[in-house]
Each structure stands twice: as C-alpha cells, then as structure tokens.
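In the working numbering, the protein residues as written are 5 to 575. Don't be surprised by glycine CBs; every beta carbon is placed ideally from N, CA and C. Source: prediction; values computed, not measured.
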Ligand code: BGC
C-alpha cells in the first residue's frame, strides 16, 4: 500500500511572496480553535494546540489559516461575543501563545487571518456596561442602539425585527431603581448588543483594534456579519416574505429568494456599510505585505455581493451563493458563471466555500432529502436522515470541483477527513444559542463543531490527552482519524492533499475557466488552463474526454466517470 502522498508544495518564505496579492488564489483553512486541538486537557481546543499541529496543515498544502475568535469572551456564542478585542480568552491561552502561534505559522509559510466581530460586542464588554450605567441619550448609549419602547408604557419593542437566533431582536433594560428602562438592539443573542456604526467613536475604536492585530503581524481579518453593520435610517419595521431567523435573516431568511424580494431587509446589505470597509482598506494599506479583509456577507446575488470587494473595499468576501447551490449541474454552472462575472467585473477574485462553523457539513448537506434552512441544524428528531455514503461521495466530488475553480477557496477543519455533521448529539450537550432561544425547535450549529479526530487510538481521538471534549465525538470517528487517513491512499485526506498539490503545481487558482459542452445535462465540465475538469452529478456514468487522469474523487468504472464523481485530467 502506498503510504506516502507526495506534497509538492513546500514551505515558502513569506517575504518572497510579499507584494503578490496572495489572497487572490489562496486556499484558506478555517481553524475553529475550540474544536481543533486541546493542549491543556480541559476539553476545549487552544492556541498551543494549534501551534503544535500547524505542520499537519502545511503538509495538507493550504496557504493560510483563518482562526475563529479566541478573544476574551463569556462564550455565550462560542467567542462571537467579544468582551475585549485585544485580549486572548484564558480558555485559549495568552497573547504570548498567540504570538508564538503566529510566528510558527509564518515560519512554515502559512498566512494567518483572525476573526473580527464588529457588528456587536458582548454584553460583558466595558463599552456596553458603561452604556447601561449611563442615562438615555448619553454618548455612551449612542455607541449602541438604545431606544424607548413603543406603546403606552414603552413595553413593546421599538420595531418588529427578530433575532437571527430566534425571538425578538430587542431586549429591555432595567433602570438602577428597578423600573423598566430602554430597549437595545441585538440581531443575534441578547448577550450580543449591536454597535451603532453611525457613531464616529465606534469607527475610531475599531481602527485601533485593527492596528493592534496588524502590528502583531496578522495577514488579515475575516469580518463577521459584514453585511449587517449598517442599519437603515429610522430602523423601520420589516416583514419578510417567508421564514424567519437563519444567518441571513434577522426576521428573514438566508434563502436566495428572500434577498430578491423587495424591499431589502433594513438590517442587511445597507449602503452605509461600504464606507466602513473603505476606511479599513486605507488602514490595511498602511502596512506592508498585502494584508487582506474577507467579509462574511450573506448577500445574494453575486452581483450585489461583489460591491463589497470593489478595489477600495475588502479584498475578498465569502461566496455563500456557491455554498448554498444544490448538487445540480445547471445550478452549479449558473452560480460559477455569475460569480466569476460579478467578481471579475470589479477586479476581485471569486471565493469558493462548501463548509464552515455555521452550516451543516457538506458531507451531510449534499445528501439531505428535506428542507433545512441554514442555522436550523440537524438532530435526532429531524424527519429525514441523509445517507452518509452518498453524502461523502458527493462531498469528495464537490471539493474536487471547487478546488479546480480559479480564485481563492476556503476549507473548514475536518472536511479534509470527510467528517459528517454529528446529528445525534444529546440535547444536554448542545450549546448553540439558537437551540436555547428557539426552545429546542431549531438544533443550531453544534453538529458541525464537534472536536476533530487526530488519532484512532487515544482519548478523544487525540483531540485532548485527558479524553475531555466539549462536545461528544461519535464512536465511528476512529476510522476518520487523521493518522488512519494519512496512511490510506484512498482516504479523503489523501484526496485533499493530491488536489491541493496539483492545484498549486498547475496554477489553477490563477487560471481561466473555459466551459465545455456536450457531456449531458448532469455534467459540469470546463478547462482551467491545461487541466480538464469533469463533474458528474447524475446517476449514470459518463465518458471522459481524452487526457491523463490526474485525480479522481472516486475510482473510474471501466474508464468512465461514475455517478457523483469528479475528475481532473491533463489535456
Ligand atoms: C458567525 C456566527 C456567529 C454570528 C454572530 C456569524 O456570522 O459566523 O458563528 O454566531 O456571526 O456573531
């Protein structure tokens, strides 16, 4: 058995590539710190755990890592509720641990992007505490969205917006004398009050925060809820066309059809947000080394999303239209075309993504047989069970297709092992605020956040020496552990390594896509430079064009490309 998978990409001195706009073609691996690797045995991953495992990521062949938040936080939304933007939460280590991790990553030629959460703070943040202690109308309250309630006694919320996590987007405060006070806005949990980006004071604070991390040497930022920072003037009521409460919809929904229904929700995609990113663009430009901003903007269609990456705004934005595209050749063709057109029209690279810490892992999602809006998650009572074999097969094909596309691609930790969503988490283990705010009606996102397996043997599969794990890992994960997959040439890990090595060697990230016709309605086929890419999303096998097969997501069947399989061929 072939146990070594050649990795053609070797560590690159970062200084060599400075000035090359590395983010245009980079494959960026999302590290979700609490679930990556635990060095101190408390069952929660940490920064020294990341440092220790960076060589595995270099070996995988990615160019950069993005770290979900590790800043000081009461962890009511897994760190997306920041109480101090300059501090490292003791759960994850210290600032010195961060500096060590950053230096080790750079030494290996890996760039590092950190998560910035500017739409809201934690309710434990000193700014919010000061606001609560200050009078209505004060400068301190002006940093957030405090409003008097409606109705005779002000006991109705100021408008009808709902929280993305369920329930109203407003919470009423209590005055020092115990009487009911003003309300404050939170598009997410009540512990995540929204900042008021109409207040120049907020702008000044965030410039300082950007500089704090840029001075430490980070290569960029992933901007949380970039599409929600500006609100429509007067905070008008909004009644969405249908559905409620996924990531894209405080009272709305993420489904593409919602964003095409006028009027736009007054909390997403507002014009005012763009000025903030222009300001930040200028801050990053003060630094050497091509620092980059990547926006989390759940905006559809791509033509509107591309406004966030005009030349003087952010460098990248996540392409969630691609993530949400069903396993259907025509839909894939359309979203790839519209993405390349839209991003190309503003001179930006398209990005591609299939999984992250907010969505059902694509090894499960691509086999779902029922409606499952983003953020709702899966659990024991979900009426439909996806077939895991079909899911993994499609996931491997989908990644093979994605990594052949020109632009930059994002991977989520564990997808390179083929990890599925964990559906059977016990209710008592769940931690997503969505689960609590909807009283168990929506399972939320815990199923994609289960700590990843490093070794088949050992407590918690090598995640933590003590066997502790903040979410329970399924028994079947021993076979998906990295050490098992590393020595199996047919494993998903070996497939990812091969794809990443070929992608780099053949310059696919910087390539040009040329569509190919004539393969039938269930096939997506194109040339990217000297490589032919064919993805068969149908049930019947299809013939392959001439060429040498470089990599295939599943074995060929008598020279033909089977169902749910994608292959790259050298022309
Ligand atoms: C993050 C989520 C988080 C939310 C609120 C999102 O976009 O990715 O994990 O719950 O923002 O900060």
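Tell me which residue opens and which closes the alpha helix (DSSP H) that residue i is part of.
{"i": "residue 396", "result": "392-406"}
{"i": "residue 559", "result": "Counting along the chain, residue 559 falls outside any alpha helix (DSSP H), and DSSP gives it neither H nor E."}
{"i": "residue 412", "result": "From DSSP, residue 412 is part of no alpha helix (DSSP H) but of the beta strand (DSSP E) over 412-416."}
{"i": "residue 518", "result": "No alpha helix (DSSP H) contains residue 518, which is instead part of the beta strand (DSSP E) from 517-519."}
{"i": "residue 117", "result": "No alpha helix (DSSP H) contains residue 117, which is instead part of the beta strand (DSSP E) from 115-120."}
{"i": "residue 59", "result": "51-64"}
{"i": "residue 531", "result": "It is not in any alpha helix (DSSP H) - residue 531 instead sits in the beta strand (DSSP E) that spans 527-532."}
{"i": "residue 204", "result": "204-220"}
{"i": "residue 505", "result": "496-509"}
{"i": "residue 84", "result": "Residue 84 -> no alpha helix (DSSP H), and no H or E assigned at all."}
{"i": "residue 340", "result": "333-349"}
{"i": "residue 573", "result": "Note, residue 573: premise wrong, no alpha helix (DSSP H); beta strand (DSSP E) at 569-574."}
Pick from the options: whose alpha carbon is nearest that of residue i?
{"i": "residue 35", "options": "168, 86, 456", "result": "456"}
{"i": "residue 302", "options": "525, 324, 547", "result": "324"}
{"i": "residue 291", "options": "32, 100, 525, 217", "result": "217"}
{"i": "residue 110", "options": "171, 223, 44", "result": "223"}
{"i": "residue 556", "options": "399, 343, 71, 108", "result": "399"}
{"i": "residue 188", "options": "169, 206, 165", "result": "165"}
{"i": "residue 531", "options": "516, 541, 468", "result": "516"}
{"i": "residue 395", "options": "541, 377, 172", "result": "541"}
{"i": "residue 524", "options": "545, 508, 511", "result": "545"}
{"i": "residue 409", "options": "489, 529, 433, 221", "result": "529"}
{"i": "residue 350", "options": "318, 88, 233", "result": "318"}
{"i": "residue 569", "options": "331, 355, 441, 533", "result": "331"}
{"i": "residue 286", "options": "214, 452, 220, 310", "result": "214"}
{"i": "residue 82", "options": "397, 91, 95", "result": "95"}
{"i": "residue 437", "options": "169, 270, 98, 284", "result": "169"}
{"i": "residue 358", "options": "180, 158, 179, 328", "result": "328"}
{"i": "residue 414", "options": "300, 295, 52", "result": "300"}
{"i": "residue 572", "options": "511, 503, 106", "result": "503"}
{"i": "residue 551", "options": "508, 138, 575", "result": "575"}
Can you find a heavy atom of ligand 1 that lies under 6 Å from the Cβ of residue i?
{"i": "residue 84", "result": "yes"}
{"i": "residue 391", "result": "no"}
{"i": "residue 229", "result": "yes"}
{"i": "residue 290", "result": "no"}
{"i": "residue 322", "result": "no"}
{"i": "residue 300", "result": "yes"}
{"i": "residue 241", "result": "no"}
{"i": "residue 192", "result": "yes"}
{"i": "residue 487", "result": "no"}
{"i": "residue 362", "result": "yes"}
{"i": "residue 81", "result": "yes"}
List the whole-angstrom C-beta distance separating residue i from residue j, where the pair is believed to meet the contact cut-off of C-beta under 8 Å.
{"i": "residue 274", "j": "residue 235", "result": "6 Å"}
{"i": "residue 458", "j": "residue 465", "result": "6 Å"}
{"i": "residue 80", "j": "residue 193", "result": "6 Å"}
{"i": "residue 78", "j": "residue 42", "result": "In fact, because the Cβ distance is near 20 Å, the residues do not count as touching under 8 Å."}
{"i": "residue 441", "j": "residue 171", "result": "5 Å"}
{"i": "residue 62", "j": "residue 49", "result": "Incorrect: roughly 18 Å between the Cβ atoms, too far for contact."}
{"i": "residue 480", "j": "residue 452", "result": "In fact, because the Cβ distance is near 16 Å, the residues do not count as touching under 8 Å."}
Beta strand (DSSP E) containing residue i: first to last residue?
{"i": "residue 74", "result": "Looking at the DSSP string, residue 74 is not in any beta strand (DSSP E), and its letter there is neither H nor E."}
{"i": "residue 295", "result": "Here residue 295 belongs to no beta strand (DSSP E), and DSSP marks it neither H nor E."}
{"i": "residue 3", "result": "Outside the modelled stretch of the chain, which goes from 5 to 575, sits residue 3, for which no answer is possible."}
Touch test, the segment 416-427 against the segment 482-501, Cβ-Cβ under 8 Å, three pairs minimum: yes
Contact between the segment 112-129 and the segment 149-158 (3+ Cβ pairs under 8 Å): Contact check between the segment 112-129 and the segment 149-158: fewer than three CB pairs, one atom from each, fall below 8 Å, which does not count as touching.
Touch test, the segment 376-388 against the segment 352-366, Cβ-Cβ under 8 Å, three pairs minimum: yes
Three-pair Cβ contact test at 8 Å for the segment 529-546 versus the segment 404-415: Flag = yes, the segment 529-546 and the segment 404-415 touch.
Touch test, the segment 61-76 against the segment 101-115, Cβ-Cβ under 8 Å, three pairs minimum: Yes: the two stretches touch, three or more of their Cβ pairs being nearer than 8 Å.
Contact the segment 473-482 vs the segment 424-431: 3+ CB pairs below 8 Å: yes
Cβ contact (3+ pairs, closer than 8 Å) linking the segment 121-138 and the segment 86-97: Yes, they touch.
The segment 173-188 / the segment 47-67 touching (three or more Cβ pairs under 8 Å): no
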